[in-house]
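Heads up: the structure comes next, in structure tokens.
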Ligand SMILES: [Zn+2]
């Protein structure tokens, strides 16, 4: 954005203009309205309101965090004001001071087979009454891939689950769920779904010991798998995870809550050699360290989401020319009350690849699904947690419906009301 060879301001201004033109040709007021019409949120007003109600508490919290970091700077005898480039350094120092544990201490308690069978599968068995039978007799495309037949409550086969957990040179990075056969009554198909992870394989004969992040990822991806497995719709177009982008992460994020649910955690977090339970104090540190630095994370994320919306809620005439793009961004952040000098947006408009690609006017969707997920976690807490009755309700009213009905009405039928933001604020320590 400073006039060098890779200055993107002109490109961005052109992209915004073309998108605004297309939206107008299609009868929409702007690009965001066009995109959101097919999302769960549906209108720009709803998205703007959600971002605004989260911005205020996030800023309050980030100010508190900034004060803590400033105090740390001063306690070391330094004499300068905290700036954006100091944040990571001092936040890491404060993190290790407050939550004094080494991530490697945890790994012996997170052995892959324990996490899968006594954690991920166990939670699903308790909630939904299903169970898993490994099928060694079926051919696989890769030696270390495993196949499980998923048996429903009445003993019938629900579908197949493929566990492809280990990294290999030919595999794409990251973690994801794939649906190889989608459930459909019309086509008479049952689901075949897979979780693909990138866990480093241990040396021969050694156990696979996971990090806490990898454990959480296993639960997350299995949440997508359940969405595919429980699908009970007529048309393949609406099967399983075929839902709007701002809804698809919701069931998988809900499944993450079981990773730290006491009954589940106690069941799988046992030492792989001695079988001893993970020490209570270590467990508590893991859980409480999750709200650390959340003011920062929430603020930088919301700032980027607000810029994304502001840039895409413009008519053709309103799109700023290249030399006014950066000023427009500052003005949008100021108007939203989220202009914090020490915490710039996670991405500035000129290097925000999400919005140049498929996430234009959609960057809000991460926190949108997290609001639903935290509100759902609260429902499970209030209603006795890990019980068949609760699992069945979630399966019947939501997971089984795929994209066949309006997502928010599915949510209401499960929750009994619209989602509220307080549970998310509590989870992120922002209340
Ligand atoms: Zn996901």
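Residue numbers (this note's numbering): 679 to 1109.
The beta-carbon is built from N, C-alpha and C at its ideal position, and this holds for glycine as well.
Short Cβ contact (8 Å threshold) for residue i with residue j
i, j, result
"residue 880", "residue 1085", "no"
"residue 919", "residue 853", "no"
"residue 701", "residue 712", "yes"
"residue 826", "residue 811", "yes"
"residue 1068", "residue 904", "no"
"residue 849", "residue 876", "yes"
"residue 1123", "residue 796", "The structure shown does not extend to residue 1123, since the chain is modelled only from 679 through 1109, so no value can be given for it."
"residue 841", "residue 823", "yes"
"residue 917", "residue 930", "no"
"residue 855", "residue 899", "yes"
"residue 948", "residue 906", "no"
"residue 1046", "residue 728", "yes"
"residue 977", "residue 736", "yes"
"residue 785", "residue 887", "yes"
"residue 924", "residue 734", "no"
"residue 1016", "residue 981", "yes"
"residue 777", "residue 963", "yes"
"residue 710", "residue 1098", "no"
"residue 1040", "residue 911", "no"
"residue 1075", "residue 1058", "no"
"residue 973", "residue 739", "yes"
"residue 1055", "residue 1101", "yes"
"residue 939", "residue 1064", "yes"
"residue 969", "residue 1107", "yes"
"residue 1020", "residue 769", "no"
"residue 774", "residue 1004", "no"
"residue 743", "residue 1109", "no"
8 Å CB neighbourhood of residue i in its chain, flanking five on each side removed
i, result
"residue 781", "889, 890"
"residue 1062", "1068"
"residue 835", "827, 828, 829, 868"
"residue 865", "914"
"residue 820", "842, 846"
"residue 1001", "687"
Run of the alpha helix (DSSP H) containing residue i, from where it starts to where it stops
i, result
"residue 750", "722-753"
"residue 985", "972-990"
"residue 826", "Taken as a continuous stretch (DSSP letters only), residue 826 belongs to no alpha helix (DSSP H), being part of the beta strand (DSSP E) at 824-829."
"residue 966", "958-966"
"residue 771", "765-776"
"residue 1049", "1043-1060"
"residue 1096", "Counting along the chain, residue 1096 falls outside any alpha helix (DSSP H), and DSSP gives it neither H nor E."
"residue 995", "Residue 995 -> no alpha helix (DSSP H), and no H or E assigned at all."
"residue 689", "687-703"
"residue 1111", "Not covered by the structure: residue 1111. The range shown for the chain is 679 to 1109."
"residue 1082", "That residue, residue 1082, is in no alpha helix (DSSP H); it is neither H nor E in DSSP."
"residue 719", "Note, residue 719: premise wrong, no alpha helix (DSSP H); not H, not E."
"residue 1031", "1031-1034"
For residue i, the first and last residue of its enclosing beta strand (DSSP E)
i, result
"residue 836", "835-844"
Under the three-state DSSP convention, the category residue i falls into
i, result
"residue 858", "strand"
"residue 781", "helix"
"residue 927", "helix"
"residue 867", "strand"
"residue 809", "strand"
"residue 902", "helix"
"residue 1016", "coil"
"residue 789", "strand"
"residue 949", "coil"
"residue 938", "helix"
"residue 955", "strand"
"residue 887", "strand"
"residue 713", "helix"
"residue 921", "coil"
"residue 872", "strand"
"residue 911", "coil"
"residue 798", "helix"
"residue 893", "helix"
"residue 818", "coil"
Spatial neighbours of residue i in its chain, beta-carbon cut-off 6 Å, leaving aside the 5 residues before and after
i, result
"residue 1007", "985, 1027"
"residue 979", "1024"
"residue 813", "825, 827"
"residue 843", "875, 877"
Own chain residues within Cβ distance below 7 Å of residue i, not counting five before or after
i, result
"residue 807", "831, 1066"
"residue 1188", "The shown model of the chain, from 679 to 1109, leaves out residue 1188, and the question about it has no answer."
"residue 1010", "984, 985, 988"
"residue 851", "876"
"residue 726", "987"
"residue 721", "714"
is_contact[residue i, chain C] using C-beta, thresh 8 Å
i, result
"residue 733", "The structure shown has no chain C; it contains just one protein chain."
Lining residues of ligand 1 - beta-carbon closer than 6 Å to any non-hydrogen atom, in sequence order: Applying a distance threshold of 6 Å between residue Cβ atoms and the heavy atoms of ligand 1 selects 898, 902, 927, 930, given in chain order.
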